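Chemist: Sequences listed follow chains V, G, B and L, in order.
Taking my numbering, the leading residue of the first sequence gets 1254, the next gets one more, and so forth.
Taking my numbering, the leading residue of the second sequence gets 1254, the next gets one more, and so forth.
Taking my numbering, the leading residue of the third sequence gets 4, the next gets one more, and so forth.
Taking my numbering, the leading residue of the fourth sequence gets 4, the next gets one more, and so forth.
Take a look at this one; I'll ask things after.
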Amino acid sequence: MDNPIGPALQLRIPEPARGHRPADPVPYISAAGEMRKPDLDEKVERIALMRKQLVRVLDDDGRAVGPWSPELDADHLRQGLRDMMTVRSFDARLLRAHRQGKISFYMQCLGEEAIACAQRRALRSDDMHFPTYRQQGLLIAGGYPIVTMMNQVLSNEHDPLKGRQLPVMYSSKEHGFFSISGNLATQYVQAVGWAMASALRGDTKIASAWIGEGASAESDFHAALVFASTYQAPVILNIVNNQWAISTPEDFARGASATFADRGYGFSIPALRVDGNDYLAVYAASQWAAERARANLGPTLLEWVTLRVGAHSTSDDPSVYRPDDEADRFPLGDPIDRLRRHLTVIGAWDDERQAALQTEVDALIADAFAEADSHGSVKSGHTSSPSTMFDDVYATLPRHLVEQRERMEG
Amino acid sequence: MDNPIGPALQLRIPEPARGHRPADPVPYISAAGEMRKPDLDEKVERIALMRKQLVRVLDDDGRAVGPWSPELDADHLRQGLRDMMTVRSFDARLLRAHRQGKISFYMQCLGEEAIACAQRRALRSDDMHFPTYRQQGLLIAGGYPIVTMMNQVLSNEHDPLKGRQLPVMYSSKEHGFFSISGNLATQYVQAVGWAMASALRGDTKIASAWIGEGASAESDFHAALVFASTYQAPVILNIVNNQWAISTPEDFARGASATFADRGYGFSIPALRVDGNDYLAVYAASQWAAERARANLGPTLLEWVTLRVGAHSTSDDPSVYRPDDEADRFPLGDPIDRLRRHLTVIGAWDDERQAALQTEVDALIADAFAEADSHGSVKSGHTSSPSTMFDDVYATLPRHLVEQRERMEG
Amino acid sequence: MPAMTMIEAIRDAHAIAMERDDTVVVFGEDVGYFGGVFRCTHGLQERFGSHRCFDTPISEAGIVGVAVGMAAYGLRPCVEIQFADYVYPAYDQIVSEAARLRHRSAGDFTAPLTIRMPTGGGIFGGQTHSQSPEALFTHVAGLKTVVVSNPYDAKGLLLAAIEDDDPVIFLEPKRVYNGPFDGHHDRPIVPWSQHPLGEVPEGHYTIPLGQARVHRGGDDVTVLTYGTLVHVAQAAAEESGIDAEIIDLRTLVPLDVDTIVASVRRTGRCLVVHEATLTSGFGAELSATVQERAFHHLEAPVTRVCGWDTPYPHAHEWSYFPGPDRVARAMREVMSA
Amino acid sequence: MPAMTMIEAIRDAHAIAMERDDTVVVFGEDVGYFGGVFRCTHGLQERFGSHRCFDTPISEAGIVGVAVGMAAYGLRPCVEIQFADYVYPAYDQIVSEAARLRHRSAGDFTAPLTIRMPTGGGIFGGQTHSQSPEALFTHVAGLKTVVVSNPYDAKGLLLAAIEDDDPVIFLEPKRVYNGPFDGHHDRPIVPWSQHPLGEVPEGHYTIPLGQARVHRGGDDVTVLTYGTLVHVAQAAAEESGIDAEIIDLRTLVPLDVDTIVASVRRTGRCLVVHEATLTSGFGAELSATVQERAFHHLEAPVTRVCGWDTPYPHAHEWSYFPGPDRVARAMREVMSA
Ligand SMILES: Cc1ncc(C[n+]2csc(CCOP(=O)(O)OP(=O)(O)O)c2C)c(N)n1
Ligand SMILES: Cc1ncc(C[n+]2csc(CCOP(=O)(O)OP(=O)(O)O)c2C)c(N)n1
Ligand SMILES: [Mg+2]
Ligand SMILES: [Mg+2]
């Protein structure tokens, strides 16, 4: 008794029309203030109804509107602007260092500055972030010494990681910044473990996990959601949807889902889509998720809609696979411009102060770079001693490494 | 500017009250016929609204009701009853063989017979199933020789797998039954790959992936859903929720989700919860999913709600972790009893025919076992030659294996 | 001293570790309420509560991944992988994360975790309940790898592993959980209560990682082995009459090179025995090391007796397993080479 | 014969395989539209369509898992793992599935797939863009493992791998993609167009898996190596003046034991050179094999020159990399031992 046969089967192979993408590649753009703010303990089913909406606070005129508008005074906002501008200037300086041949590799976060900067300020300094390589904003907004970051990037004698890691793979336990792995997604489930540990100990610290939308296809993403859902771990699960994973557009990882927020609902984890280029929205959504975690209400997933404005890394040439004018056509604008306009609208900012801040920030970065550069770089041969590579493989040097070190030195 | 601290954090560690579980451990039990049947191409959002409902056809009185009732004539239904009874008798005989010390290990599917038996009949014989160890019904309903299955379980000279695999780890390409792996979940993504291959070739065959609810926590489950969603592969994604994964109840893998069907919606994959002990519902839902795949409408996820009535395997002692009377209290009854009652209600069956069929099936199994047993078993030392273990490691025997084989023999 | 099975010794080590240090947490599949499919964690949840010992979803990647995160927080997770054959989904978290975390962060974060798993065949487990994957860990810098062969060692080494500040892979040959199996599968099982290494002191003690144990002194040939094969080698020595010095390596990385080299220099002959497949097994490293460091003392090639380079078969496991006859034959060959 | 880089040779092999056999499909991260981050699949999607060459989500487990399923269907997938350092999420699918499918199903299902990946350091890639994980595959029965060192071999071996009926791990040292790098990182890059092995015949040819190539004949010492280190060993021989016979193994499993043993029996000395970490590296297997089969011909211990047992460092990669000086020093030591 065989059942009917069908037509020839076909596969949908995503083939986004690169170079001639539609004008608005980002679907479901809510107006600022449109989306309501759920209670912290609102039923996940009801929150799920908003999974195609977008938490937005800043409108096109620079006003902060709607229930998500966080209570941040002008000082805080100016601090946020400064954080973001510092990150951007930092990136620009190190890209220049790359062009100057001082470093072998760099990854910028151009256009995505609001997300890490605002979340860092919305959380506590003793919380732990498990970042990817595009959250330098966490360190900068967290007050980590910029010279030290540059020393890491230059792999010079003052690099705290002793030249072991690629540029941008920072680590700072003290600043709540988990050591970056080159292997995508591994940190996501580790963050859940850290949050579980905090809760097992009756501590108050929460964890924040970071991942790119492309890397959410990795298996560790699943493990993280399973454990977060089962144990209701106090963790924020960030997905930075910057539209690209090297050369593949975000729909390769998203598949048929409407949004990455959907992934959370597969586990009854409340999930919000948030305008990642809106400093106020980022702050408010991060705060909401953190409060949920702190109130023992479990994990929250946050999809940040943003755009990778630059190349994937200095090894990448995006002209081959993406339209030149994508950033111009991106409907969510630039995070720095938008916060600056808001500050101006509320009378807390003007062009002069902007110019002064830019000068200050650029000087800060220039000075920092000058200092870091004075310690040399891997290219100039000013690194930690090569024999330090044997340290920290284990807590204490085992005999075979002692022998190998001797052999290397001899 | 540090943000407020919270109370001491807590973790939710699922600790179901074993031994004193609530009377009805299975939530969201729809009445038979209650759930509507969506069009094959109905929007996934609308289907999602039914994710807490249960596709049921057979009511408590044994009538087939509602839109899901498949058009199966009495012959087909009697065949289904026979399939399930054969599986049950098969399992019983081999459990006895285990007690008799003829085999080292066995896994039964008591209480879950309807799922594999009905799905096998709802699909075509050239479709490919990627099963776990509890889908012996696929082979039996598919007409695979029972003696051969027993030869595999006995690992005797006629075992087609030459004693290489544990009992029950069958393989038959010809019968659309992919080689069973001992490693959970690996087959799930392979099924998606097989389905993709079929579609890449413009073929008409579809794949069916099988997994236990416990194993859905494994990472390969995620990979399968990502690829199935992205490429819209013609695959059925079965999750057999039999309430237990060895000693852990289904909520360990499910986490905070209401149902396993939820997982599909995280990927916009239409997902149904189905009464797995209702032969007609299983048939109808499988058919629906198969038609979707054949019509190039993509993957469908099916959560089968059932109960692992027996122990996990012959190595397991469930009395330590589960209540004795769980099967009695299980709200979905027994699949054989239910189909038998239905046949009786429609006037196509009676006690006499039932007794005759039971006798026939038992005799068939007894004869088959006698024949298989006559070929000996691993315990009696009647296996394929040990040197065959070197075959099939590679397509042709490489030199080092030739040498090792000589050494073993010499 | 009480007699314990290896299972009881492992349980005891867990309990003592959890008692002494409340950052020790124990979890894995079926590990909590049920106490593990081999019962190695039985009673821990009842005694220490479900916040110290708990069940997990079936996700080895998740188990090790959250353990790394917990270790970074400051806990000392000791996790169970139900069978070593199922460790591969966690391999990335072990190799790329646990093993390198201290190094890549220059000591800023560390991963003091213990990953226990039953290994080896001899229980008719077929290809997915029989593997001995130690060589897949010994190649990875940053990991320590331990294989135990008896209850006394198991307790002392597990306590040392849990207290160690680095990630430790802790392999438990399931065939010796209940007795010192010597490879004669057709003979009655000897329980640990009849073996001196089944006598396990109460309370806390550790056996330092990196120290081999001379299981049997001898002059004819040095046998380097570990796990179940220690007992098989013992039987082979007795049955062949060859005066083998059997070294139970206990820790593969870091390796006790001194004990090995001293013995081989004395005997001039060396046999390496393990259950894992031969090619690129840990025996290769042992063979290479021995001939690098004792070349001029060797009177015969270092010889390996290992599992064949095939998947572990179900029905033919005793043809696969390097039992006492094969080991004795190799001993004779090495003696006459 | 046209001169090709190794990248071009690999591209060419893909195109020829896809042309000759429409069951060959090619996929991986950034492999389709973009043509791969190293451009090894550039142009294939355009030429053969997106049903033959396509991009995937970032999931190595998914890539290999679907490839196994496709292979079971009857296709011959040739997939790319972007860097060998990222293969671990796919390790379970490779080790537990692809490697054992034929055996466990007694030939009912097979997995004729090729898994390509760039390996090795020398591009300042740090610990996650530099690894050489070959030994993690050579230990696994059922897998074949190939490491290429030049364009001519790369094309012939890749065609053989794709046509092979078993799963093949195909390792491409990225440092020799564009030229025969000899370890002198401070000297200008020599392009393949200036090297005889950069001359690659047009059209179809294969190099059988399991055959080593004598890269340089010599009488003093046998050097067993593969990948980038072939060229480093060549430089070391020239610079030290030692008449080394350099054997490029090409395939590690199955290994060309005959070529190896014949050479060592003649030279009486053997050096093993690879970039992967020393302990339990494939060099251990080579050392063990050589002394098992040529013991009485050896005048000095088989010596290994390998990466240190540390993660691959970023800034110190030239101290980690076994460059020509270290190899030459070892040659001299072996000669004077
Ligand atoms: C396990 C693993 N696979 C592949 C890579 C190579 N890789 C590095 S970044 C990247 C793209 C990641 O995209 P996404 O997650 O969207 O992050 P984004 O770069 O956009 O911030 C890839 C494929 C890797 N680092 N690790
Ligand atoms: C990768 C892996 N991890 C663990 C196991 C051990 N194991 C075998 S069956 C099982 C429980 C599976 O439960 P479920 O998926 O619900 O299937 P069921 O037994 O209920 O049919 C476990 C943990 C395994 N076989 N493979
Ligand atoms: Mg991205
Ligand atoms: Mg189950």
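Don't be surprised by glycine CBs; every beta carbon is placed ideally from N, CA and C.
Note that the structure is a prediction, hence the values are computed from the model and not measured.
Among all the DSSP beta bridges, which residues are the ones paired with residue 247 of chain L?
Modeler: For the purposes of this step, residue 247 of chain L is taken as residue 244 along the fourth sequence, with counting starting at 1. Residue pairing by DSSP puts residue 247 of chain L in a beta bridge opposite L:224.
Chemist: Going by DSSP, which residues form a beta bridge with residue 121 of chain B?
Modeler: To locate residue 121 of chain B, count along the third sequence from 1; it is residue 118. DSSP lists B:175 as partners of residue 121 of chain B.
Chemist: Can you find the residues in the same chain that come closer than 7 Å, C-beta to C-beta, to residue 1569 of chain V, ignoring five residues on each side of it along the sequence?
Modeler: The residue labelled residue 1569 of chain V in the question sits at position 316 within the first sequence. Result list for residue 1569 of chain V: 1499, in chain order.
Chemist: With a CB to CB cut of under 6 Å and the five nearest residues on each side skipped, what residues in its chain are close to residue 1554 of chain G?
Modeler: The residue you call residue 1554 of chain G lines up with position 301 of the second sequence. Answer for residue 1554 of chain G: 1490, 1517, 1522 and 1524, listed in chain order.
Chemist: Find the nearest neighbour of residue 1304 of chain G within the set G:1292, G:1288, G:1293 and G:1314, judged by alpha-carbon distance.
Modeler: For the purposes of this step, residue 1304 of chain G is taken as the residue at position 51 of the second sequence. The candidate whose alpha carbon is nearest that of residue 1304 of chain G is G:1288.
Chemist: Please list the partners that residue 1646 of chain G has in chain L, where partner means a Cβ-to-Cβ separation under 8 Å.
Modeler: Taking the second sequence and counting its residues from 1, one reaches residue 1646 of chain G at position 393. Per Cβ cutoff of 8 Å: 105, 106, 144 and 145.
Chemist: Counting only beta-carbon separations shorter than 8 Å, does residue 1447 of chain V have a partner in chain B?
Modeler: Reading the first sequence from its first residue, position 194 is the one you call residue 1447 of chain V. By the rule that beta-carbons nearer than 8 Å mark a contact, residue 1447 of chain V touches chain B.
Chemist: Which residues neighbour ligand 4 when neighbourhood means a C-beta less than 7 Å away from any of its non-hydrogen atoms? List them by chain order.
Modeler: G:1465, G:1466, G:1467, G:1493, G:1494, G:1495, G:1496, G:1497, G:1498, G:1503 and G:1561
Chemist: Do residue 92 of chain B and ligand 2 come close, with the Cβ less than 7 Å from some heavy atom?
Modeler: As a working mapping, residue 92 of chain B is identified with position 89 in the third sequence. Yes, the Cβ of residue 92 of chain B comes within 7 Å of a heavy atom of ligand 2.
Chemist: Using 7 Å as the cut-off, classify the Cβ of residue 119 of chain L as near or not near the heavy atoms of ligand 1, replying yes or no.
Modeler: To locate residue 119 of chain L, count along the fourth sequence from 1; it is residue 116. The answer is no for residue 119 of chain L.
Chemist: By DSSP, does residue 1505 of chain G sit in helix, in strand, or in coil?
Modeler: For the purposes of this step, residue 1505 of chain G is identified with residue 252 of the second sequence, where counting begins at 1. Residue state, collapsed to three classes: helix.
Chemist: Give a yes or no on whether 8 Å exceeds the smallest Cβ distance from residue 17 of chain B to chain V.
Modeler: Counting from one through the third sequence, the residue named residue 17 of chain B turns up at place 14. No, because no Cβ of chain V sits closer than 8 Å to the Cβ of residue 17 of chain B.
Chemist: Give the secondary structure of residue 256 of chain B by DSSP, where H, G and I count as helix, E and B as strand, and everything else as coil.
Modeler: Taking the third sequence and counting its residues from 1, the one referred to as residue 256 of chain B is at position 253. Note: residue 256 of chain B maps to strand in three-state DSSP.
Chemist: Among B:275, B:336, B:237 and B:170, which has the Cα closest to the Cα of residue 148 of chain B?
Modeler: Position 145 of the third sequence, counted from the start, is the residue given in the question as residue 148 of chain B. Nearest option by C-alpha distance: B:170.
Chemist: Considering only residues of the same chain and omitting the five flanking positions on each side of residue 1292 of chain V, which have a CB-CB separation below 7 Å?
Modeler: For the purposes of this step, residue 1292 of chain V is taken as the residue at position 39 of the first sequence. Excluding positions up to five away in sequence, the list is empty.
Chemist: Using alpha carbons as the reference points, say which of V:1528, V:1622, V:1599 and V:1546 lies closest to residue 1583 of chain V.
Modeler: Here the question's residue 1583 of chain V lines up with position 330 in the first sequence. The option with the nearest alpha carbon to residue 1583 of chain V is V:1528.
Chemist: Would you check whether ligand 1 has a heavy atom nearer than 7 Å to the C-beta of residue 197 of chain L?
Modeler: Here residue 197 of chain L is taken as the residue at index 194 of the fourth sequence, counted from 1. Not under cutoff, so the answer is no.
Chemist: Would you say residue 326 of chain L and residue 307 of chain L are within 8 Å of each other, going by their C-beta atoms?
Modeler: Numbered from 1 along the fourth sequence, position 323 holds the residue referred to as residue 326 of chain L. Numbered from 1 along the fourth sequence, position 304 holds the residue referred to as residue 307 of chain L. Going by C-beta atoms, residue 326 of chain L is not nearer than 8 Å to residue 307 of chain L.
Chemist: How many Å lie between residue 204 of chain B and residue 210 of chain B at the Cα?
Modeler: Residue numbering aside, residue 204 of chain B sits at position 201 when the third sequence is read from its first letter. Residue numbering aside, residue 210 of chain B sits at position 207 when the third sequence is read from its first letter. Each residue's Cα considered, the two are about 12 Å apart.
Chemist: With a floor of 4 residues, list each alpha helix (DSSP H) that falls wholly inside the segment 282 to 324 of chain B, ordered by position along the chain.
Modeler: List check, alpha helix (DSSP H) in window: 285 to 297 and 320 to 323.
Chemist: So is residue 1405 of chain G in contact with chain L if we call contact Cβ pairs under 8 Å?
Modeler: By 1-based counting over the second sequence, the position of residue 1405 of chain G is 152. With respect to chain L, the C-beta atom of residue 1405 of chain G has no partner C-beta closer than 8 Å.
Chemist: Can you tell me whether residue 1611 of chain G is buried or exposed? The criterion is at least 16 other CB atoms within 10 Å of its CB, across all chains shown.
Modeler: If you number the second sequence from 1, residue 1611 of chain G lands on position 358. Answer is exposed; the Cβ neighbour count stays below 16.
Chemist: Taking the straight line between their C-alpha atoms, what separation do you get for residue 1560 of chain V and residue 293 of chain B?
Modeler: Start at 1 with the first residue of the first sequence, and residue 1560 of chain V comes out as number 307. Start at 1 with the first residue of the third sequence, and residue 293 of chain B comes out as number 290. Whole-angstrom Cα-Cα distance: 57 Å.
Chemist: Strictly below 9 Å CB to CB, what residues from chain V border residue 367 of chain B?
Modeler: Examination of residue 367 of chain B is not possible in this model, given that chain B is present from 4 through 340 alone.
Chemist: Could you tell me the alpha carbon to alpha carbon distance between residue 24 of chain B and residue 283 of chain L, rounded to whole angstroms?
Modeler: Translated into the one-based positions of the third sequence, residue 24 of chain B becomes position 21. Translated into the one-based positions of the fourth sequence, residue 283 of chain L becomes position 280. In a straight line, the C-alpha of residue 24 of chain B is about 34 Å away from that of residue 283 of chain L.
Chemist: If we count the other Cβ atoms within 10 Å of its Cβ and call it buried at 16 or more, is residue 1413 of chain G buried or exposed?
Modeler: The residue you call residue 1413 of chain G lines up with position 160 of the second sequence. Buried: at least 16 other Cβ atoms inside 10 Å.
Chemist: What does the alpha-carbon distance come out to for the pair residue 138 of chain L and residue 172 of chain L?
Modeler: Counting from one through the fourth sequence, the residue named residue 138 of chain L turns up at place 135. Counting from one through the fourth sequence, the residue named residue 172 of chain L turns up at place 169. Approximately 11 Å between the Cα atoms of the pair.
Chemist: Suppose the cutoff is 6 Å on Cβ atoms and the five residues either side in sequence are ignored; what does the same chain contact list for residue 131 of chain B look like?
Modeler: Locating residue 131 of chain B in the third sequence gives position 128, counting from the first residue. Only 88 meet the Cβ criterion.
Chemist: Tell me whether the segment 1432 to 1447 of chain V and the segment 67 to 86 of chain B touch, counting them as touching only if at least three CB pairs, one residue from each stretch, are closer than 8 Å.
Modeler: yes
Chemist: In its own chain, which residues sit with a C-beta less than 8 Å from the C-beta of residue 11 of chain L, not counting the 5 before and 5 after it?
Modeler: What you label residue 11 of chain L is simply residue 8 of the fourth sequence in a count that begins at 1. Counting only Cβ-Cβ distances below 8 Å, and skipping sequence neighbours, we find 154 and 203.
Chemist: If the criterion is Cβ atoms closer than 8 Å, does the pair residue 276 of chain B and residue 224 of chain B meet it?
Modeler: Position 273 of the third sequence, counted from the start, is the residue given in the question as residue 276 of chain B. Position 221 of the third sequence, counted from the start, is the residue given in the question as residue 224 of chain B. No.
Chemist: Could you work out which residues of chain L lie near residue 1661 of chain V, taking near to mean beta carbons separated by less than 8 Å?
Modeler: Along the first sequence, one-based indexing puts residue 1661 of chain V at 408. Result: 311 and 322.
Chemist: If you check the beta carbons only, do residue 105 of chain B and residue 1645 of chain V fall under 8 Å apart?
Modeler: In the third sequence, counting from the first residue as 1, residue 105 of chain B sits at position 102. In the first sequence, counting from the first residue as 1, residue 1645 of chain V sits at position 392. Yes, these two residues count as a Cβ contact at 8 Å.
Chemist: Can you name the start and end residues of the alpha helix (DSSP H) that residue 1677 of chain V belongs to?
Modeler: The structure shown does not extend to residue 1677 of chain V, since chain V is modelled only from 1254 to 1663, so the question has no answer here.
Chemist: Below 7 Å between beta carbons is the criterion; list the residues of the segment 25 to 57 of chain B that meet it against any residue of chain V, in chain order.
Modeler: Of all residues in the segment 25 to 57 of chain B, only 28 and 54 place a beta-carbon less than 7 Å from a beta-carbon of chain V.
Chemist: Per DSSP, what are the beta-bridge partners of residue 1527 of chain V in this structure?
Modeler: Translated into the one-based positions of the first sequence, residue 1527 of chain V becomes position 274. In DSSP, residue 1527 of chain V forms a bridge with V:1308 and V:1557.
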